[in-house]
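Enquirer:
There are 2 protein chains.
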Amino acid sequence: MATIYDVARLAGVSPATVSRVFNGTTVTPQNERVVKEAAAELDFVPNRTARTLRLRSSDIIALVIPDIENPYFTALARGVEDEARAAGYSVVLCNTDDDMSRESGYLDVAVSEHMAGVIIAAASDRSDLSPLLDRNKAVVAVDRVPRGAAIDAVTVDNVAGGRAATTLLVERGYRRIACIAGPADVETSTRRIAGWSAALEAAGLPEDPTLLEHADYRVDGGYAALERLLAHDERPDAVFVANNLMSVGALRALRDAGIHPPAVGIASFGALPFSTSAPTGVSTVSLPARELGSAAARILLERIAGDRQEPRTVVLEAVPVV
Amino acid sequence: MATIYDVARLAGVSPATVSRVFNGTTVTPQNERVVKEAAAELDFVPNRTARTLRLRSSDIIALVIPDIENPYFTALARGVEDEARAAGYSVVLCNTDDDMSRESGYLDVAVSEHMAGVIIAAASDRSDLSPLLDRNKAVVAVDRVPRGAAIDAVTVDNVAGGRAATTLLVERGYRRIACIAGPADVETSTRRIAGWSAALEAAGLPEDPTLLEHADYRVDGGYAALERLLAHDERPDAVFVANNLMSVGALRALRDAGIHPPAVGIASFGALPFSTSAPTGVSTVSLPARELGSAAARILLERIAGDRQEPRTVVLEAVPVV
DNA sequence: CTTGCGTCTGAAATCGATTTCTGTAACGCT
DNA sequence: AGCGTTACAGAAATCGATTTCAGACGCAAG
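Line by line, the protein sequences are chains A and B.
Numbering of the first sequence is given in the working numbering, commencing with residue 1 and proceeding in unit increments.
Numbering of the second sequence is given in the working numbering, commencing with residue 1001 and proceeding in unit increments.
(1) Residues of chain A with CB under 8 Å from B/Asp1108, in chain order?
(2) Determine which residues of the segment 1245-1256 of chain B have a Cβ less than 7 Å from any Cβ of chain A, and write them out in chain order.
(3) Find out if the Cβ-Cβ distance for the pair B/Met1115, B/Ser1058 is shorter than 8 Å.
(4) Applying the criterion that 16 or more other CB atoms from any shown protein chain within 10 Å of the CB defines a buried residue, is B/Leu1272 buried or exposed?
(5) For B/Ala1087, I'd like the list of residues in its chain whose CB is within less than 6 Å of its CB, leaving aside the five on either flank, ordered along the chain.
(6) Label A/Pro262 either buried or exposed according to how many other C-beta atoms from any shown protein chain fall within 10 Å of its C-beta, with 16 as the threshold for buried.
(7) Please list, in chain order, the chain B residues whose beta carbon lies closer than 7 Å to that of A/Ala297.
(8) Which residues in the same chain as A/Leu292 place their Cβ atom closer than 8 Å to its Cβ, once the five residues preceding and following it in sequence are excluded?
(9) Rounded to whole angstroms, what's the CA-CA distance from B/Gln1030 to B/Ser1019? Just pull it up for me.
(10) From A/Phe274 to B/Ser1268, what distance separates their C-alpha atoms?
(11) Measuring straight from C-alpha to C-alpha, what distance separates A/Arg56 and B/Gly1182?
(12) Quick check on the burial criterion: 16 or more other C-beta atoms within 10 angstroms. Buried or exposed for B/Pro1071?
(13) Would you say B/Leu1287 reaches chain A, if we count a Cβ-Cβ gap shorter than 8 Å as a contact?
(14) Is it the case that the Cβ atoms of A/Gly117 and A/Ile65 are separated by a distance below 8 Å?
(15) Give me the residue from B/Thr1017, B/Val1145 and B/Ala1123 with the minimum Cα distance to B/Arg1033.
(16) Select from the segment 1016-1029 of chain B all residues with a C-beta closer than 7 Å to any C-beta belonging to chain A, and list them in chain order.
(17) Indicate the three-state DSSP secondary structure (helix, strand or coil) for B/Glu1227 in the structure shown.
(18) So which residues of chain A does B/His1232 contact, with C-beta pairs closer than 9 Å?
(19) For the beta strand (DSSP E) containing B/Asp1152, list its first residue and its last residue.
(20) Could you give the distance in angstroms between the alpha-carbon of A/Thr166 and the alpha-carbon of A/Ala242?
(21) Quick one: is the Cβ of A/Ile177 within less than 7 Å of any heavy atom of the ligand GDP?
(22) Assuming A/Phe240 is part of the beta strand (DSSP E), what are its boundary residues?
(23) Per DSSP, what kind of secondary structure is B/Glu1041 in: helix, strand or coil?
(24) Going by the CB atoms, is the gap between A/Ala39 and A/Val13 shorter than 8 Å?
(25) Throw me the rounded Cβ distance for the B/Ala1194 and B/Gly1222 pair, which I believe falls under 8 Å.
(26) Does the beta-carbon distance from A/Ala178 to A/Leu229 come in below 8 Å?
(27) Within a Cβ cutoff of 7 Å, which residues of the same chain sit near B/Glu1081, ignoring the five residues on either side of it in sequence?
(28) Determine whether the beta carbon atoms of A/Ala318 and A/Ala160 lie at a separation below 8 Å.
(29) Using a Cβ cut-off of 8 Å (strictly closer), state whether A/Ser14 contacts chain B.
(30) Does the distance from the C-beta atom of A/Ala297 to that of A/Ala138 stay below 8 Å?
(31) Do you know how far the Cα of B/Asp1256 is from the Cα of B/Arg1192?
(32) Given this structure, state the Cα-to-Cα distance separating B/Asp1149 from B/Ser1127, to the nearest angstrom.
(33) Do the CB positions of A/Ala225 and A/Gly265 come within less than 8 Å of each other?
(34) Let me check understanding here. Comparing Cα to Cα, which of B/Phe1240, B/Asp1134 and B/Val1186 lies closest to B/Ser1283?
(35) Buried or exposed: which applies to A/Asn136, given that a residue is buried once 16 or more other Cβ atoms fall within 10 Å of its Cβ?
(36) Would you report the Cα separation of B/Lys1036 and B/Val1021, rounded to the nearest angstrom?
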């Protein structure tokens, strides 16, 4: 691999001059030409590792997400990418699989690779961002905010969304409305539950705590949770499902039980991914996933550029689909 | 950020000793203890950039894929991750969006960051891997192999899969079977078309070239392609769709046209992602996405470990779902 | 002709970890 | 006691780019 020294030698200049050519400082047009020719000749690609070591910062942004297989997060990733690339940064994705140790491993990588910044959808409420914060690395939380972290955040209004989704079921005449929530230690989940409760209360419906099932935000978890609800003594007549993938699981469980949606109502927080059939009996509240990503990226880029204002939280709306 | 020198000073040893403690070479138990205490005290995280610069190789593997929003590729990513992590490597994902210039940008990043290796599902037949190969970086192609690249590859048997999918339609009695293929410059697409042709020929059915539509392997492309087929003078009675996302688009187009699947048969290459309804009138050939990823990762890891044998190609089967 | 200023260049230090090479101490053996 | 061997530690070079500092040169003004 050709280095800046090889280029310098071939061009008959010093390494400093080669560096200057690639960094836009003043160089004779003559020298610029010679250096560029030499670089092309040698197929020179600057060594980013050396550059990063010297500058103590690279132009890579890490996006840390809990589930790469969830289309919601991949759409979010697209939003991040669009903004970041436009600003000249590369984005790398890190999948934590909801595992805090994997997450902290990736955070260490981000720190020790001197990445420019991190956008993170935390694996848990208790995710520890201190490795980043202590070294005042630019960080933006997206979708989920770890408890007590005083950082920029971009989220959706989970309470309002949960209420809206549940209300759709109420309006359609369902009375005994269950909830399949996400993990108890994930912020978005507790808020969506709060929205569910609020909607029930507003409608004057009884809130039966046994109708709350926790699952894992995955397809299989939603499937199992719905099975548990069906086995209930007093079976619910509708279910508010707190994320897209669990809704898929819940619908599969219904199908396998020979029940078809209007019979049991389903409201999904987040549109069903890649659905092909007109949603009969399924209400959804849709999330601006891509916008979450791009908003987070914009804030991160400002921080990287040196913005020092107080951390702010941007809340986007979840919109009920009619 | 604490460095190895800070740790050395606090522990009263030389930087070399600190390095040895973290790399498992022989050090007095006494020194080991002192160094570890000092490191913990200072919250020391080794600077990977410096390490990589010196060693000329990091322990990060890049996975370059054309469409992060396609569940097939994210499942593949999971396969890669599982293997790579087990071997102590971190995986970063790079999304090229089928764009060769973005792709080559990421390949340059992989080279100039001295990543340990690259697994790539190429954006095109004509993708240029020479930046990697010239510097003999470990590379494995997965899913798609750029034309003429003499490298390790893990693919599915696209011809057999295309034939099997088409044959399912033939067996169900359809006679005028169209094909919605992917981009003309993508290897998997041309092979799946070949499978479609072979099945038609084997069944003695006429092969009408106007029944072949090219699209982009995306949902919207599949939608538009199906609309074009419906507008045909002699409308097809079934369609072989060459990937999962286009099948979603095609089914949506059918739905919007008021046609329901058994009326027009659909065979999808790749299972429908997150489907919730029992597939009526939709045949699928399912792909071992995760296995593709893990097989590719295993080969890459062997190469990284120094394997020098001839490049080999592993072909996995696409299995018709009954 | 000298002074002064501006423009451009190169030498060398720097970022932080790894590793070779050299040196010292301790130990076992004859 | 003398010698060889092993085990460990430290000094210093190294990876490749950036950047400071100082020097060289040209040109204009006095």
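Beta carbons are placed, not taken as given, at the ideal position from N, Cα and C, and that holds for glycine.
The structure displayed is predicted, hence computed values, not measured ones.
Expert: Working from what's here:
(1) Among the residues of chain A, those whose CB is under 8 Å from the CB of B/Asp1108 are Val45, following chain order.
(2) So the list reads Val1248, Leu1251, Arg1252 and Arg1255, given in the order they occur along the chain.
(3) A distance below 8 Å separates the beta carbons of B/Met1115 and B/Ser1058.
(4) buried
(5) Only residues of its own chain outside the window of five on either side were considered, and among them Leu1301 have a CB closer than 6 Å to the CB of B/Ala1087, listed in chain order.
(6) exposed
(7) Result: empty, since nearest Cβ-Cβ is about 14 Å, beyond 7 Å.
(8) Leu76, Gly79, Val142, Asp143, Val154, Thr155, Val156 and Leu316
(9) 15 Å
(10) 14 Å
(11) 43 Å
(12) buried
(13) It does not; no Cβ of chain A falls within 8 Å.
(14) no
(15) B/Thr1017
(16) Residues: none.
(17) helix
(18) Against B/His1232, chain A offers no close residue; the least beta-carbon distance is about 22 Å (beta-carbon pairs closer than 9 Å).
(19) Asp1152 to Val1156
(20) 10 Å
(21) Looking for the ligand GDP in the displayed structure turns up nothing, as the structure carries no ligands at all.
(22) Ala238 to Val241
(23) helix
(24) no
(25) Incorrect: roughly 20 Å between the Cβ atoms, too far for contact.
(26) yes
(27) Closer than 7 Å at Cβ, skipping near neighbours: Val1091.
(28) It is a contact, given that the beta carbons lie within the stated cut-off.
(29) Not closer than 8 Å to any Cβ of chain B, the Cβ of A/Ser14 fails to qualify, so no.
(30) no
(31) The C-alpha of B/Arg1192 lies about 27 Å from the C-alpha of B/Asp1256.
(32) The question names Asp, but residue 1149 of chain B in the sequence shown is Ala. Rounded to the nearest angstrom, the two C-alpha atoms are 9 Å apart.
(33) No.
(34) Here the closest residue by C-alpha is B/Phe1240.
(35) exposed
(36) A direct Cα-Cα distance of roughly 8 Å separates B/Lys1036 from B/Val1021.
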